[in-house]
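For reference, the structure is listed below as structure tokens.
Protein chains in written order, with this note's numbering: chain A, 1 to 273; chain B, 1001 to 1120; chain C, 2001 to 2440.
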């Protein structure tokens, strides 16, 4: 029970912790307040609780596809918000001198992203723990396992944050944007997988099978899954959506290339002004 | 303006979502012929814990969780993961699959809730 | 997010947590694996034992404890079984271990072939897992409990390590604007020594440049005295020669007097340095000094038809006569200037605990709240260029009062007076202790 709790809590915590780490690193370079983190966590926890309590009826929506559809919608939204956030960041001429308005908007986007991530991860943790509440035999081990899993996940997030924050100016921008792009890819390909599971999207044969080289349930596999959405047997639809979302974020990060031709004078910094 | 850009991005995303929904309607028509396998979860065990399905065919798994506690059907080999709350049922589509053995387990009680699908 | 202490504590704690937890998990996994192997070998021994002792007694259902079940098969025929075993085979007819679900549980099974019989023994998988896990979990608990303690220790150590830095910050932020004494450099930490040395160098340069500024002002004022005196004499002679009440001569004389006053005040302001002064302190009766000054200045009060009163008995403070006279003189002339004709002025000396108070109150227009800090600045006058009193002045009087108060380590406050309008200046001197008086 203990190891199982560790793995389950770690899976859920790690993804949120890494996302928070990356967003906080950008936030720190903006010299912005991090009130959005607590707002996102708080809102997310409350909504996750409501969702977990009602998971039974949510699951029965859309002919028992409710859970997957809800997850897919939230994952697509996270992906979309990451694109919009990166677009916003790319519009700021220099992060440390961004305007208060741009910072506030960044905070609002982050609040929603964190909230959605916490709803997704939180409701599964809550459902898992709820099954053991009355179980005196397992509760202690589940509790210890949860602490270990949470500890590893949160520690990894903290270390990622300080590594990104400690990167030289030249590197921190590209690295954080790349991580966000890969994360957006993960989210969209995950939402495709969710819809495949309920047959809303046709299942196709996996493009490759790398489970022999790196199993998804190994420690490294879990870390890579959370960080860049590693899958050992992805389908074509997953790979495509992953690539599409990643490219979209990278395009948004280079918005001056998109707008330079048509609006030579307003190419960047519209929000920042 | 930023908002016209935003609109472009949003409409692109919306287009994707609509495409997905259309493909849904197209596929849902074929569901009638999909074979169904019913699985029960009782005392954190799968019944049946082992069953055979035909190769290269889409199969609908209808899972009843008869326990009061939630369970999560998970399989790395099938790439499936779904929470099933206590005393409720869930639907998961798998396949078409290559012949072989595909283990699955209940992630909340993995020591006991284990099973495998034989694809022939 | 920008704190060094937070950075050190969180990164160290995160790294420790990561290493400790991951190694604890490794330990858990290998312990569980060993326990599993131990249980398996036990199961095997039991199966062999059963093969050797089993009696061909096909009908009996032997009741074992809950966690074990067995079957004996002769080909497809069930020869014997425990009460909790089903009649279907619980394992495959091939030697080795396996898992099988029956009777609502998951079981670890072993098949053992002996004397043409298959001995199939099953052990409750959940129970043996629980047993093993209980033991292993107990070994993990100290790590888990120890971690918060470790976190607290890391916090304390980092805080302790950063104390010199915090002390330095505190010393710097606690410094008065005009306190240019070097920072205390009692055995600074290697990392801070450079900062302290640089800061002290900076303070020293600042102090010497300020010193030069003072020196310049005082020298210039001193040099101006002689020409002003001769100017006044010549003006006096000129007035005699013209022998008329020429108003322009009067005006020039007045301007010359004002110029002389400014120069005197600048000299008074810069004449003193604290170290120089404290050495000359002697016991003085504050009331007596005040009385002398009032007598000296009485004519100016009389001219404006003002009443002035002195209250209080003899209060001894440690001081130096000239500076104290300058202080009281400036306060009185301030009151005289800003109190309208026929107004009242009250000077009082009293003791309040360990402090000796000198209060000068007037029935003038008073000073607005937002002006109270600025009136002590050099060359500041209420109302600025549009100053309304019509009194000559240069705005140095109260700056000098403050300067002298600093020399005495006394405080100056401005508040409402006892009269219906006006303000009260309160100077709070330290009352000398008996031992201080004895020494002198």
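Note that beta-carbon positions come from the ideal geometry of N, C-alpha and C, so glycine has one too.
task: Can you give me the start and stop residues for the beta strand (DSSP E) that residue 2073 of chain C sits inside?
output: As a first step, residue 2073 of chain C is located in the third chain; it is residue number 73 there, counting from the start. Element bounds for residue 2073 of chain C: 2068-2074.
Whole-angstrom distance between residue 2258 of chain C and residue 2241 of chain C, CA atom to CA atom: Locating residue 2241 of chain C in the third chain gives position 241, counting from the first residue. Locating residue 2258 of chain C in the third chain gives position 258, counting from the first residue. The straight-line gap from Cα to Cα measures roughly 23 Å.
message: Contact between the stretch 2165-2185 of chain C and the stretch 2196-2211 of chain C is defined here as three or more beta-carbon pairs at a separation below 8 Å; is this criterion met?
response: yes
- prompt: Tell me which same chain residues have a C-beta within less than 8 Å of the C-beta of residue 2339 of chain C, skipping the five on either side of it?
  reply: Mapped onto the third chain, residue 2339 of chain C falls at position 339. Closer than 8 Å at the Cβ level, and outside the excluded window around residue 2339 of chain C, lie 2304, 2306, 2345, 2362, 2363, 2364, 2422.
query: Quick one: what's got a C-beta closer than 7 Å to residue 2078 of chain C's C-beta in the same chain, skipping five residues either side?
result: Locating residue 2078 of chain C in the third chain gives position 78, counting from the first residue. Contacts found: 2071, 2087.
field: When A/252, A/104, A/37 are compared against residue 180 of chain A, the one with the closest alpha-carbon
entry: The sequence position of residue 180 of chain A within the first chain is 180, counting from 1. The shortest C-alpha separation from residue 180 of chain A is found at A/252.
task: Assign residue 59 of chain A to one of two classes, buried (16 or more other C-beta atoms within 10 Å of its C-beta) or exposed (fewer than that).
output: Numbered from 1 along the first chain, position 59 holds the residue referred to as residue 59 of chain A. Its Cβ being crowded by 16 or more others within 10 Å, residue 59 of chain A is buried.
field: Straight-line Cα distance separating residue 151 of chain A from residue 2151 of chain C
entry: If you number the third chain from 1, residue 2151 of chain C lands on position 151. If you number the first chain from 1, residue 151 of chain A lands on position 151. Approximately 13 Å between the Cα atoms of the pair.
message: Give me the chain C residues within the contact set of residue 1045 of chain B, using Cβ-Cβ distance strictly less than 8 Å, ordered along the chain.
response: Reading the second chain from its first residue, position 45 is the one you call residue 1045 of chain B. For residue 1045 of chain B, the neighbours in chain C by C-beta distance under 8 Å run, in chain order, 2101, 2104, 2105, 2106.
- request: Classify residue 256 of chain A as buried or exposed, calling it buried when 16 or more other Cβ atoms lie within 10 Å of its own Cβ.
  value: Here residue 256 of chain A is taken as the residue at index 256 of the first chain, counted from 1. Answer is exposed; the Cβ neighbour count stays below 16.
Residue 55 of chain A at chain B interface by Cβ criterion, 8 Å: Here residue 55 of chain A refers to the residue found at position 55 when the first chain is read from its first residue. By this cut-off, residue 55 of chain A is an interface position.
Option nearest residue 53 of chain A by Cα separation, candidates B/1118, B/1069, B/1099: Taking the first chain and counting its residues from 1, the one referred to as residue 53 of chain A is at position 53. Out of B/1118, B/1069, B/1099, B/1069 has the C-alpha closest to the C-alpha of residue 53 of chain A.
- prompt: Would you report the Cα separation of residue 56 of chain A and residue 1084 of chain B, rounded to the nearest angstrom?
  reply: The residue given as residue 56 of chain A occupies position 56 in the first chain. The residue given as residue 1084 of chain B occupies position 84 in the second chain. One C-alpha to the other measures close to 8 Å.
message: Checking the sheet assignment: what are the DSSP bridge partners for residue 57 of chain A?
response: On the first chain, position 57 is the one that residue 57 of chain A refers to. Note: residue 57 of chain A sits in no beta bridge, so no partner.
message: Counting only C-beta atoms, is residue 1049 of chain B closer than 8 Å to chain C at any point?
response: For the purposes of this step, residue 1049 of chain B is taken as the residue at position 49 of the second chain. Answer yes: the Cβ-Cβ gap between residue 1049 of chain B and chain C drops below 8 Å somewhere.
- request: Identify which residue in A/244, A/249, A/13 has its Cα closest to the Cα of residue 126 of chain A.
  value: For the purposes of this step, residue 126 of chain A is identified with residue 126 of the first chain, where counting begins at 1. Checking every option, the nearest Cα to that of residue 126 of chain A belongs to A/13.
query: Quick one: is residue 1093 of chain B near chain A, going by C-beta distance under 8 Å?
result: As a working mapping, residue 1093 of chain B is identified with position 93 in the second chain. So, interface residue.
Residue 32 of chain A in three-state terms, based on DSSP: As a working note, residue 32 of chain A is residue 32 in the first chain. Coil.
task: In the DSSP assignment, find the unbroken beta strand (DSSP E) run with residue 1102 of chain B in it and report its ends.
output: Position 102 of the second chain holds residue 1102 of chain B. It spans 1100-1106 - the beta strand (DSSP E) in which residue 1102 of chain B sits, taken as one unbroken run.
- prompt: Given residue 146 of chain A, which residues of its chain have a CB within under 6 Å of its CB, disregarding the five upstream and five downstream residues?
  reply: Sequence index remark: in the first chain, residue 146 of chain A carries index 146 (1-based). The answer, listed in chain order, is 5, 9.
- request: Enumerate in chain order the residues of its own chain whose CB-to-CB distance from residue 204 of chain A is below 7 Å, with the five nearest sequence positions on each side excluded.
  value: In the first chain, residue 204 of chain A corresponds to position 204, counting from 1. For residue 204 of chain A, where only same-chain residues beyond five positions count, the Cβ hits under 7 Å are 235, 236, 237.
- request: Spatial neighbours of residue 1093 of chain B within its chain, please: CB distance less than 8 Å, with the 5 preceding and 5 following residues excluded, ordered by chain position.
  value: On the second chain, position 93 is the one that residue 1093 of chain B refers to. The residues are 1034, 1058, 1059, 1060, 1061.
query: Using the beta-carbon of each residue, which ones in chain A are nearer than 8 Å to residue 1076 of chain B?
result: Start at 1 with the first residue of the second chain, and residue 1076 of chain B comes out as number 76. Neighbours of residue 1076 of chain B on chain A, chain order: 211, 215, 216, 217, 232.
task: Can you say whether residue 27 of chain A is buried or exposed, counting buried as having 16 or more other CB atoms within 10 angstroms of its CB?
output: In the first chain, counting from the first residue as 1, residue 27 of chain A sits at position 27. Label assigned to residue 27 of chain A: buried.
- prompt: What is the C-beta distance between residue 2265 of chain C and residue 2396 of chain C, in whole angstroms, given that I count them as a contact (C-beta under 8 Å)?
  reply: If you number the third chain from 1, residue 2265 of chain C lands on position 265. If you number the third chain from 1, residue 2396 of chain C lands on position 396. Contact flag correct, Cβ pair sits at about 4 Å.
field: Extent of the continuous beta strand (DSSP E) run through residue 1065 of chain B
entry: Locating residue 1065 of chain B in the second chain gives position 65, counting from the first residue. Element bounds for residue 1065 of chain B: 1059-1065.
task: Count the other CB atoms, across all protein chains shown, that sit within 10 Å of the CB of residue 2298 of chain C; report buried if there are 16 or more and exposed otherwise.
output: Translated into positions along the third chain, residue 2298 of chain C becomes position 298. Exposed, because fewer than 16 other Cβ atoms sit within 10 Å of the Cβ of residue 2298 of chain C.
- prompt: Count the other CB atoms within 10 Å of the CB of residue 2066 of chain C; is the residue buried (16 or more) or exposed (fewer)?
  reply: The residue you call residue 2066 of chain C lines up with position 66 of the third chain. Result: exposed.
- request: Ignore the nearest five residues each way along the sequence and tell me which others in residue 2336 of chain C's own chain have a CB closer than 8 Å to its CB.
  value: Numbered from its first residue, the third chain carries residue 2336 of chain C at position 336. Within the same chain, and ignoring the five residues on either side of residue 2336 of chain C in sequence, the residues whose Cβ sits closer than 8 Å to its Cβ are 2297, 2300, 2301, 2304, 2306, 2345.
query: Which residues, in chain order, does the stretch 114-144 of chain A contribute to contact with chain C at a C-beta distance below 9 Å?
result: 137, 138, 140, 141, 144
- prompt: Given a limit of 8 Å on CB to CB distance, which residues of the stretch 1103-1114 of chain B reach chain C?
  reply: 1111, 1112, 1114
- request: On the DSSP bridge assignment, give the partners of residue 97 of chain A in chain order.
  value: What you label residue 97 of chain A is simply residue 97 of the first chain in a count that begins at 1. DSSP lists no partner for residue 97 of chain A.
message: Measuring CB atoms only, is the stretch 2410-2426 of chain C touching the stretch 2365-2376 of chain C, in the sense that at least three cross pairs come out at less than 8 Å?
response: yes
- request: Taking 8 Å as the cut-off, decide whether the C-beta atoms of residue 2106 of chain C and residue 2043 of chain C are in contact.
  value: Within the third chain, numbered from 1, the residue matching residue 2106 of chain C stands at position 106. Within the third chain, numbered from 1, the residue matching residue 2043 of chain C stands at position 43. Not closer than 8 Å, so no.
field: Segments assigned alpha helix (DSSP H), at least 4 residues, entirely inside the stretch 157-229 of chain A
entry: Taking only runs of at least 4 residues, the alpha helix (DSSP H) segments lying wholly in the stretch 157-229 of chain A are 169-197, 219-228.
field: residue 2285 of chain C - partner residues in DSSP beta bridges
entry: Locating residue 2285 of chain C in the third chain gives position 285, where the first residue counts as 1. Paired residues: C/2316.
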